[in-house]
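Per our numbering: the sequence shown ends with 262, consecutive numbering throughout.
Note that beta-carbon positions come from the ideal geometry of N, C-alpha and C, so glycine has one too.
These numbers were taken from a predicted model, which means no experiment stands behind them.
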Amino acid sequence: MNSLIFSVWVLMIVFFHKRMHRHMRQGNVKTGFCSMWCIDAIFAICGTVVSFVLYGYRFQPFFTFRNGILVLVYLLLAFLFVLATPSGLALLRKKKLSEEAVLTAECRLNDTLGIVRNCFLVILFFLPVLFVYVRKYEGIKYLSEWKEADVCGGFCFVAFLVLIPVCIRQAVFWMRNLSEGEEIEEKLLLRYRKQLQYRHKNKFL
58 MNSLIFSVWV LMIVFFHKRM HRHMRQGNVK TGFCSMWCID AIFAICGTVV SFVLYGYRFQ
118 PFFTFRNGIL VLVYLLLAFL FVLATPSGLA LLRKKKLSEE AVLTAECRLN DTLGIVRNCF
178 LVILFFLPVL FVYVRKYEGI KYLSEWKEAD VCGGFCFVAF LVLIPVCIRQ AVFWMRNLSE
238 GEEIEEKLLL RYRKQLQYRH KNKFL
């Protein structure tokens with residue numbers, strides 16, 4: 058197994074996203090969002106484990122003061138990310154969110170995080186290809202000085218660590234909002250559905 062496994066996974070994720078967009082154009086916007094973020098969360102968790110094994114990271118002994126500090130810093134950053142989102146810690150309460158400003162901000166946040174996720178997916182696809190195939194060609198010998206475990210492995214590991222809290226947070230949000238929403242929420246989702254239909258029709262013009 059080599060780093061091309063990430064490129065293959067990204068292709069599968071992109072194909073799944075395309076299928077979900079088709080599903081969402083038919084009216085199942087919440088279900089589509091929830092499915093995509095759940096799959097993305099699983100992808101991020103599996104990617105972290107695979108990159109840990111593939112590139113031979115060693116944290117022996119694991120329970121050291123340095124590693125403990127790093128874990129605490131990571132958890133703190135993940136908590137601050139959740140806290141900074143429009144819903145904040147209210148996402149963990151049983152009561153659904155109903156304020157128009159919060160729902161609008163959540164839709165914009167969803168689009169923003171979707172763009173961030175897509176950027177990571179693009180890099181996760183091309184970076185392994187760069188190290189497995191491209192750097193073998195003459196004329197780009199400077200790439201041969203780069204160590205795959207340092208550049209590709211390091212980026213993949215960090216990228217998955219970033220994607221884990223993002224995807225899990227979004228998956229939890231859409232899971233909690235799968236039930237029939239209020240009028241404001243339905244209007245926002247209808248507008249997003251129309252945007253998807255408009256983009257789809259433009260591809261064939």
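Per-residue burial, residue i [other beta carbons within 10 Å of its own, 16 or more giving buried]
i: Q145; result: Note on identity: in this sequence residue 145 is Gly, with Gln being the wrong assignment. So G145 counts as exposed.
i: T142; result: buried
i: F261; result: Residue confidence for F261 is low, a pLDDT of 47 falling below 50, so the modelled location carries little weight; the figure read from the coordinates is stated next. Classification of F261: exposed, given that the 10 Å Cβ count is below 16.
i: V110; result: exposed
i: C176; result: exposed
i: F188; result: buried
i: L134; result: exposed
i: F183; result: exposed
i: L235; result: exposed
i: L247; result: exposed
Residue i and residue j closer than 9 Å at C-beta
i: F214; j: S64; result: no
i: I102; j: I221; result: yes
i: G104; j: F217; result: yes
i: Y131; j: A206; result: no
i: M81; j: R250; result: yes
i: R233; j: L148; result: yes
Same chain, Cβ closer than 6 Å to residue i, neighbours up to 5 away in sequence not counted
i: C164; result: L245
i: F90; result: W231
Own chain partners of residue i with C-beta closer than 7 Å, once the 5 adjacent residues on each side are dropped
i: W94; result: C224, Q227, A228 and W231
i: V106; result: none
i: P185; result: S60, L61, F63, S64 and C209
i: V67; result: L178, L181 and F182
Own chain, CB closer than 8 Å to residue i, minus 5 neighbours either side, in chain order
i: V173; result: V223
i: I70; result: I96, D97, F100 and L178
i: L166; result: T142 and P143
i: H74; result: M93
i: V219; result: F177
i: T161; result: L245
Runs of 4 residues minimum, wholly inside the region 86-118: which ones carry the alpha helix (DSSP H) assignment? DSSP runs (the alpha helix (DSSP H)) wholly in the region 86-118: 86-111.
Between the region 122-133 and the region 77-88, are three or more C-beta pairs nearer than 8 Å? They do not touch, by the three-pair rule.
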